[in-house]
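Here the structure is laid out as structure tokens; the discussion comes afterwards.
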Amino acid sequence: MSPHFFNSVSSTWRVISIFTIAVSGVISQAQDNTNPTPEIVKVSAKGLGAFGGDVDIQTHVFKPNGAGPFPVLLFSHGRFGHVRFWLSKGYAVVAPVRVGYGETGGADREGASAKYDANGACTSRPDPANTAKYAVLSTQPVLQWVREQAWAQKDRILLEGQSVGGLTTVALCAQNPPGVVGCINFAGGAGGSPASKGNMCHPEILGKMMGEYGKTTKLPNIWFYAENNLYWGADSPKQWHKDFAQGGSPTQIIATTPVPNNDGHALLLRGGPLWSVPLNAWLKKNNF
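First residue of the sequence shown: 9, per the working numbering; consecutive thereafter.
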């Protein structure tokens, strides 16, 4: 079998393992803070199952103490989520497990078709637009479900995502969905590999996509990328944001210093001191 097969299998199991550990950690954090443990709900997604059938998206719902209604943070995963930060601000957190991942299962259609050789060199032309398309399709039904909940403030919804979830957030934000007031992108992208040490396949493809998203985005948004991100490198995200910002939305990028002793792709999980101050400032500025 080719090295690509083993790289793909290894990557898939790494995603499953890290996501499982992270969800467990999120639940533990909620319990340690005497916050509610997550309610697990199933949100039906029409046409996303096998052969065009429906699929139930397993969704973790965390709520602050009290009756609500609460502002809502809709989190699109890459590898992990964070809850404590938002519960402390009075937000409910809704974290769907997209089709093709974990408890939801089903066919993983989010692949970007990026390939790297044993030395981390690019050997393909990736298709991150495919990733964004199917990730958004998995997220839209959950956003609609949130708007239907009595405990949710339907006009105070923030979108946030990490990695592929960050790309999902940017893509969905470009649609300016009803009720969404702002968008937060942590290390968003698709088609990278830590083996490339930041030299990802054809970063200009994502740049063009971001430029198109920027043309339609009207909502305030903020992007976070660490200098030592092994998936995208230090420079490509800055160019992506430059391309995006030409559309004129109220946007900013926070290019942080390296995440200590980690791949900077783990900025959200491991780099809290690097992003918490600017994120709090952005939330205050926009009255979120």
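Think of the CB as a built atom: it goes at the ideal place given N, C-alpha and C, for glycine as much as any other residue.
Asked, Found
"According to DSSP, which residues form a beta bridge with Glu-235?", "In the DSSP output, where bridge partners are listed per residue, Glu-235 has none listed."
"Select from Val-188, Gly-215, Asn-236, Val-102 the residue whose C-alpha is nearest the C-alpha of Gly-279.", "Asn-236"
"Between Lys-216 and Asn-73, what straight-line distance do the alpha-carbon atoms span, to the nearest angstrom?", "43 angstroms"
"Determine the direct distance from the alpha carbon of Pro-228 to that of Pro-258, and round the result to whole angstroms.", "5 angstroms"
"Ala-75: buried (16+ other C-beta within 10 angstroms of its C-beta) or exposed?", "exposed"
"Let's test the definition: count the other Cβ atoms within 10 Å of the Cβ of Ala-38 and tell me whether it reaches 16, buried, or not, exposed.", "Residue placement at Ala-38 is poorly supported in this model, since its pLDDT is 37, which falls under 50; the coordinates are not used for a value here."
"Quick test of the definition: if touching needs 3 or more C-beta pairs under 8 angstroms, does the region 57-70 touch the region 110-119?", "yes"
"Under 8 angstroms: do the region 243-259 and the region 204-216 share three or more Cβ pairs, one atom per stretch?", "yes"
"With a threshold of 16 other CB atoms inside 10 Å of the CB of Trp-50, please say whether the residue is buried or exposed.", "Residue identity check: residue 50 is Lys in the sequence provided, not Trp. Lys-50 is exposed by the Cβ-count criterion."
"If we call anything under 7 angstroms between Cβ atoms a contact, is Thr-264 one with Ala-289?", "no"
"Could you pull the DSSP bridge partners for Val-51 from this structure?", "Ile-65"
"Under three-state DSSP, which class holds Pro-281?", "helix"
"Would Pro-266 and Gly-272 be called neighbours here (beta carbons separated by less than 7 angstroms)?", "yes"
"Arg-133 by DSSP, collapsed to three states: which one?", "coil"
"With respect to the beta strand (DSSP E) encompassing Thr-1, which residues constitute its N-terminal and C-terminal limits?", "Nothing can be reported for residue 1, as the shown portion of the chain is limited to 9 through 296."
"At the level of alpha carbons, what is the spacing between Phe-296 and Leu-167?", "12 angstroms"
"Quickly, what does DSSP pair Gln-170 with across the bridge? List them, please.", "Phe-194"
"So that I know if they touch, is there some Cβ in chain B lying closer than 7 angstroms to that of Ile-261?", "Of the chains in the structure shown, none is chain B; there is only one protein chain."
"What separation, rounded to the nearest whole angstrom, lies between the Cα atoms of Val-105 and Asp-135?", "22 angstroms"
"Count the other CB atoms within 10 Å of the CB of Thr-131; is the residue buried (16 or more) or exposed (fewer)?", "exposed"
"Leaving aside the five residues before and after Arg-164 along the sequence, list all residues of the same chain whose C-beta is less than 8 angstroms from its C-beta, in chain order.", "Pro-79, Val-80, Gly-187, Val-189, Phe-296"
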